[in-house]
Amino acid sequence: MMPSAQLRAADAQAPVAVPQPGSSEAPCELRVEGLRKSFGKDREVLRGVSFSVRRREAVALIGSNGAGKSTALRCALRLVEPEAGSLALFDEDISSAHSRQLRKVRADVGFVFQKHNLVPRVSALTNVLHGNLGRSGGLRGWSQVFARSELRERAMACLERVGLADHAAKRADQLSGGQSQRVAIARALMQQPRMIVADEPVASLDPVAGREVMDLFHQLTGEEGIALLFTSHNVQQALDYCDRVLVIRQGVIVLDKPSGQVSAADLGKHYG
Ligand SMILES: Nc1ncnc2c1ncn2[C@@H]1O[C@H](COP(=O)(O)OP(=O)(O)OP(=O)(O)O)[C@@H](O)[C@H]1O
Ligand SMILES: [Mg+2]
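Take the sequence shown: its position 189, counting from 1, is numbered 225 in my numbering, and each next residue is one higher.
So this is what it looks like as structure tokens:
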């Protein structure tokens with residue numbers, strides 16, 4: 037066995053390379069290929085959408101109203117069933133996974149939506165505890181584990197992580213929009229997710245609250261290595277906060293580039 041001093045010296049000479057966010061060396065958390073979805077006969081909303089989200093990477097999906105952003109997010113996770121396409125989540129093929137396997141793999145994904153969907157009449161803390169439902173086997177399991185103090189402690193730590201420990205006992209319907217969205221993020225964190233998928237997470241917030249929420253996402257990808265896939269209408273904000281930008285138009289990804297390489301001409305051409 038190598039003596040520890042020698043081992044440390046060897047370590048110092050050969051530092052472990054951590055792939056940069058978005059680098060093609062980082063493993064994919066989500067890989068989507070050839071996704072198709074129609075609503076009704078002549079309404080093809082996704083027409084062969086392909087993209088990936090790598091570990092620690094923040095990816096923004098932008099596009100005009102009706103371009104297919106929300107449908108793409110939902111179909112990528114099979115919250116809505118696509119008609120075609122192959123999907124790999126955390127290296128597992130979920131294209132035709134049965135609901136049980138799908139739920140198990142999806143338990144590592146935290147969802148945050150424009151409307152935070154908190155339960156209004158219960159406390160912020162209880163809402164965060166709901167984030168554990170997927171792992172504890174639904175409501176029955178949840179009521180059994182409700183009293184477990186380590187879960188409450190974890191929920192409190194999640195609230196602290198989003199800067200709302202002081203609001204734990206406050207009813208959800210007494211929180212501001214920005215606070216509610218941060219509780220929704222804490223609820224997602226309760227799942228200890230590997231990836232967060234957020235559909236228009238700041239669209240209903242004022243600019244200051246919106247920046248706070250995006251800063252929080254930025255910290256989560258940077259410090260905790262959680263991958264992020266989010267949609268936005270705010271092109272500048274998306275560019276500021278993501279490693280890679282996808283532009284979708286009429287159900288097709290027309291641009292897929294590292295955010296630092298996106299030019300005004302790119303945006304003019306693809307986004308208008
Ligand atoms: N459940 C549904 N039934 C029928 N049509 C739908 C359904 N969901 C979405 N669509 C249609 O699919 C198209 C894409 O909708 P989607 O919500 O994905 O767009 P979006 O890019 O998220 O738009 P927005 O910026 O307004 O959120 C729209 O024309 C919409 O009307
Ligand atoms: Mg949408």
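Every residue gets a Cβ at the ideal spot worked out from N, C-alpha and C, and that includes glycine.
Everything numeric in this text was worked out from a predicted model, so none of it was measured.
In the DSSP output, which residue or residues are listed as bridge partners for residue i?
i: LEU282; result: LEU97 and ASP292
i: CYS64; result: ARG90
i: ALA193; result: Bridge partners of ALA193: none, in fact.
i: LYS73; result: LEU82
i: GLU128; result: LEU125
i: ILE232; result: GLY146 and LEU264
i: SER159; result: ARG207
i: ALA120; result: ARG72
Around the C-beta of residue i, are 16 or more other C-beta atoms found within 10 angstroms, so that it is buried, or is it exposed?
i: GLN180; result: Low confidence applies to GLN180: its pLDDT is 47, below 50, so where it sits in the model is not reliable, and the reading given next is rough at best. Flag for GLN180 reads exposed.
i: GLN255; result: exposed
i: ARG142; result: buried
i: VAL244; result: exposed
i: LYS151; result: exposed
i: GLU189; result: exposed
i: ASN101; result: exposed
i: HIS203; result: buried
i: GLY296; result: exposed
i: LYS105; result: buried
i: VAL155; result: exposed
i: PRO39; result: Low confidence applies to PRO39: its pLDDT is 37, below 50, so where it sits in the model is not reliable, and the reading given next is rough at best. By the neighbour-count rule (16 or more Cβ atoms within 10 Å), PRO39 is not buried but exposed.
i: SER135; result: exposed
i: GLN210; result: exposed
i: GLN227; result: buried
i: ASP279; result: buried
i: ALA300; result: exposed
i: ALA205; result: exposed
i: GLY99; result: buried
i: GLY261; result: exposed
i: GLY246; result: buried
i: LYS73; result: buried
i: SER132; result: exposed
i: SER185; result: exposed
i: ARG79; result: exposed
Since I believe residue j is in contact with residue i (beta carbons under 8 Å), could you give me their beta-carbon distance rounded to a whole number of angstroms?
i: ALA191; j: LEU165; result: 5 Å
i: ASN168; j: LEU138; result: Between LEU138 and ASN168 the Cβ distance is about 19 Å, and since that is not below 8 Å, they are no contact.
i: ALA208; j: VAL198; result: About 14 Å separates the two Cβ atoms, so there is no contact after all.
i: ALA108; j: LEU123; result: Actually they are not in contact, since the Cβ atoms of ALA108 and LEU123 sit about 11 Å apart, beyond 8 Å.
i: ALA224; j: LEU195; result: Rounded, the Cβ-Cβ distance is 12 Å, inconsistent with contact.
i: LEU265; j: VAL89; result: 5 Å
i: VAL281; j: LEU113; result: Not a contact, Cβ separation roughly 20 Å.
i: ILE221; j: ALA103; result: With 8 Å as the limit, ILE221 and ALA103 do not qualify as a contact, their Cβ atoms being about 25 Å apart.
With 8 Å as the threshold, decide whether the Cβ of residue i is near any Cβ in chain C.
i: MET231; result: Of the protein chains in the structure, only one exists, and it is not chain C.
Note to self: I'd like to know if the segment 139-150 and the segment 82-94 are in contact, where contact means that at least 3 CB-CB pairs between them fall below 8 Å.
What the structure shows: no
Note to self: Does the contact criterion of 3 or more C-beta pairs under 8 Å hold for the segment 205-215 versus the segment 231-246?
What the structure shows: Yes, the segment 205-215 is in contact with the segment 231-246.
Next item on the list: Please list, in chain order, all residues with a C-beta atom less than 5 Å from at least one heavy atom of ligand 1.
Entry: Put simply, the residues with a CB less than 5 Å from any heavy atom of ligand 1 are PHE75, VAL81, ASN101, GLY102, ALA103, GLY104, LYS105, SER106 and THR107, in chain order.
Check: Would you call the segment 118-133 and the segment 297-305 touching, i.e. three or more CB-CB distances under 8 Å?
Finding: no
Checklist line | Segment contact, 8 Å Cβ cut-off, at least three pairs: the segment 62-72 with the segment 124-132 | finding: Flag = yes, the segment 62-72 and the segment 124-132 touch.
Note to self: Quick check: the segment 76-86 against the segment 284-293, are at least 3 beta-carbon pairs closer than 8 Å?
What the structure shows: yes
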